[in-house]
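Asker: Once you've had a glance at the structure underneath, I'll fire off some questions.
Next comes the structure, spelled out in structure tokens:
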């Protein structure tokens with residue numbers, strides 16, 4: 001029996017990567033800054049995003065959000081309280097968002113045009129493993145980590161933390177009560193992703209939100225160059 | 001656990017590539033998976049059996065070659081392997097390493113096939 005080897009050398013997620021590249025092109029052409037927010041379940045992504053959206057609306061920026069969950073539209077309803085367009089993506093069991101889901105939900109989004117937005121936030125499914133493999137066409141990937149999760153989380157999930165552009169520590173208002181070791185958390189994030197921007201925030205008190213908004217504006221400005 | 005999604009993509013890609021070799025049988029699929037790719041080989045193998053069962057790829061072996069993480073150091077200019085996934089530093093000079101050059105791969109490297117003519121011969125024999 002003779003056999004032969006056929007070289008394929010192709011990306012396993014080629015379809016996703018190609019679609020993500022296409023989306024990135026569309027986002028850039030429309031001048032919208034797209035961010036992909038990733039964290040464990042319960043970190044406070046939705047609360048943080050709700051505050052961010054409301055604050056952006058107050059200063060006259062046009063923002064919208066896509067939010068991924070396995071089931072329910074609870075998060076979309078919470079985010080909609082901020083007064084900006086929000087759309088739920090239900091993955092029905094899939095543990096991460098894929099470029100195709102983003103593309104499909106942008107297609108048929110009544111009243112939302114990419115060209116009319118300054119910012120589009122994509123809240124990923126709560127998971128620190130699988131979302132790291134799937135490019136959604138975002139320009140900025142953000143990891144969120146709450147003070148209750150353990151300061152060594154970046155060391156446990158290096159793949160995700162090494163792939164992000166910014167990190168946000170949430171729930172800083174209860175840091176003391178839960179014995180959060182701030183220095184260790186900052187050190188561990190930087191150990192995995194040297195030089196990364198880190199924001200220490202508390203959605204309930206609004207702490208750190210201003211620095212975060214400055215960063216967004218700065219990044220948004222950078223897209224226009 | 002997204003290995004089933006990954007494996008489904010592999011099955012689709014290989015099936016697509018097989019169109020160029022009508023009737024061929026796949027004996028082996030060889031992958032290159034980076035140490036930073038967030039994919040576990042045991043899970044891939046487990047899902048591979050499920051995803052290929054009853055398909056054109058049934059019985060094909062899945063071989064996973066792991067690609068180590070290498071970084072380029074801006075400080076000393078060297079490329080080197082990362083000693084630990086918990087410590088992104090240059091092994092040569094100890095500076096912070098931000099430029100990952102390999103270790104994120106998630107690729108189908110090659111497939112080993114037996115051509116249709118060969119299979120037909122075996123049958124007639």
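Protein chains in written order, with the working numbering: chain W, 1 to 225; chain P, 1 to 125. Beta carbons are placed, not taken as given, at the ideal position from N, Cα and C, and that holds for glycine.
1) With a 10 Å radius around its C-beta and 16 neighbouring C-beta atoms as the bar for buried, classify residue 101 (chain P) as buried or exposed.
2) Could you please give the first and the last residue of the uninterrupted beta strand (DSSP E) stretch that includes residue 5 (chain W)?
3) In chain C, what lies closer than 8 Å to residue 100 (chain P) by C-beta?
4) Taking beta-carbon pairs under 7 Å, can you tell me which members of the segment 74 to 94 of chain P lie near chain W?
5) Nearest to residue 181 (chain W) by CA position, among W:194, W:200, W:165, W:196, is which residue?
6) Alpha carbon to alpha carbon, how far is residue 49 (chain P) from residue 104 (chain W)? Give it in angstroms, no decimals.
7) Against chain P, does residue 219 (chain W) count as a neighbour if the rule is that its beta carbon must be under 8 Å from one of theirs?
8) Taking 7 Å as the limit between beta carbons, can you name the residues of its chain near residue 78 (chain W), skipping five residues before and five after?
9) For the candidate residues W:198, W:205, W:36, W:62, whose alpha-carbon lies nearest to that of residue 212 (chain W)?
10) In chain P, which residues lie with their C-beta within 7 Å of the C-beta of residue 9 (chain W)?
11) Who pairs with residue 88 (chain W) in a beta bridge, going by DSSP?
12) Hey, is residue 113 (chain P)'s beta-carbon within less than 8 Å of any beta-carbon in chain W?
13) Starting from residue 72 (chain P), trace the beta strand (DSSP E) in both directions and tell me its first and last residue.
14) On the DSSP bridge list, what partners appear for residue 113 (chain P)?
15) Rounded to whole angstroms, what is the Cα-Cα separation between residue 119 (chain W) and residue 54 (chain P)?
16) Between which two residues does the alpha helix (DSSP H) containing residue 17 (chain P) stretch?
17) Buried or exposed: which applies to residue 104 (chain P), given that a residue is buried once 16 or more other Cβ atoms fall within 10 Å of its Cβ?
18) Checking the sheet assignment: what are the DSSP bridge partners for residue 35 (chain W)?
19) Could you name each continuous alpha helix (DSSP H) segment of 4 residues or more that falls completely within the segment 31 to 107 of chain P, going from the start of the chain to the end?
20) What does the Cβ neighbour count give for residue 123 (chain W), buried or exposed, with the cut at 16 atoms within 10 Å?
21) Out of W:98, W:56, W:57, W:219, which has the shortest C-alpha to C-alpha gap to residue 68 (chain W)?
22) Mind pulling the chain W residues with CB within less than 8 Å of residue 43 (chain P)?
23) What number of angstroms, rounded off, separates the C-alpha of residue 23 (chain P) from the C-alpha of residue 115 (chain P)?
24) I need the DSSP call for residue 145 (chain W), collapsed to helix, strand or coil.
25) Under 8 Å, Cβ to Cβ, is there at least one residue of chain P near residue 92 (chain W)?
Answerer: Let me lay it out:
1) In the second chain, counting from the first residue as 1, residue 101 (chain P) sits at position 101. So residue 101 (chain P) ends up on the exposed side.
2) Position 5 of the first chain, counted from the start, is the residue given in the question as residue 5 (chain W). 4 to 11 is the extent of the beta strand (DSSP E) around residue 5 (chain W).
3) Annotation note: the requested chain C is absent from the structure, which comprises protein chains W and P.
4) 85, 86, 87, 88
5) Sequence index remark: in the first chain, residue 181 (chain W) carries index 181 (1-based). For the residues W:194, W:200, W:165, W:196, the minimum Cα distance to residue 181 (chain W) belongs to W:200.
6) Sequence index remark: in the first chain, residue 104 (chain W) carries index 104 (1-based). Sequence index remark: in the second chain, residue 49 (chain P) carries index 49 (1-based). Roughly 31 Å between the two C-alpha positions.
7) Sequence index remark: in the first chain, residue 219 (chain W) carries index 219 (1-based). At a cut-off of 8 Å between beta-carbon atoms, residue 219 (chain W) makes no contact with chain P.
8) The count along the first chain starts at 1 and reaches residue 78 (chain W) at position 78. Only 46, 50 meet the Cβ criterion.
9) Translated into positions along the first chain, residue 212 (chain W) becomes position 212. Residue W:198 is the option with its Cα nearest to residue 212 (chain W).
10) Taking the first chain and counting its residues from 1, the one referred to as residue 9 (chain W) is at position 9. The answer, in chain order, is 107, 109.
11) In the first chain, residue 88 (chain W) corresponds to position 88, counting from 1. Answer is W:67.
12) Within the second chain, the letter at position 113 stands for residue 113 (chain P). True, the Cβ-Cβ gap to chain W drops below 8 Å.
13) For this step, residue 72 (chain P) is matched to residue 72 along the second chain. 70 to 72 is the extent of the beta strand (DSSP E) around residue 72 (chain P).
14) Within the second chain, numbered from 1, the residue matching residue 113 (chain P) stands at position 113. Per DSSP, W:4, P:26.
15) Translated into the one-based positions of the first chain, residue 119 (chain W) becomes position 119. Translated into the one-based positions of the second chain, residue 54 (chain P) becomes position 54. Cα to Cα, the separation comes out at about 46 Å.
16) Numbered from 1 along the second chain, position 17 holds the residue referred to as residue 17 (chain P). Residue 17 (chain P) -> alpha helix (DSSP H) spans 3 to 18.
17) For the purposes of this step, residue 104 (chain P) is taken as residue 104 along the second chain, with counting starting at 1. It counts as buried.
18) As a first step, residue 35 (chain W) is located in the first chain; it is residue number 35 there, counting from the start. Beta-bridge pairing links residue 35 (chain W) to W:121, W:140.
19) 41 to 52
20) As a working mapping, residue 123 (chain W) is identified with position 123 in the first chain. Residue 123 (chain W) sits buried, since 16 or more C-beta atoms from the chains shown fall within 10 Å of its C-beta.
21) As a first step, residue 68 (chain W) must be located in the first chain, where it is residue number 68. Checking every option, the nearest Cα to that of residue 68 (chain W) belongs to W:98.
22) Here residue 43 (chain P) corresponds to residue number 43 of the second chain, with the count starting at 1. Neighbours of residue 43 (chain P) on chain W: none; closest Cβ ~11 Å, over 8 Å.
23) To locate residue 23 (chain P), count along the second chain from 1; it is residue 23. To locate residue 115 (chain P), count along the second chain from 1; it is residue 115. Roughly 7 Å separates the two Cα atoms.
24) In the first chain, residue 145 (chain W) corresponds to position 145, counting from 1. Strand, per DSSP.
25) Translated into the one-based positions of the first chain, residue 92 (chain W) becomes position 92. Chain P contact via Cβ: absent.
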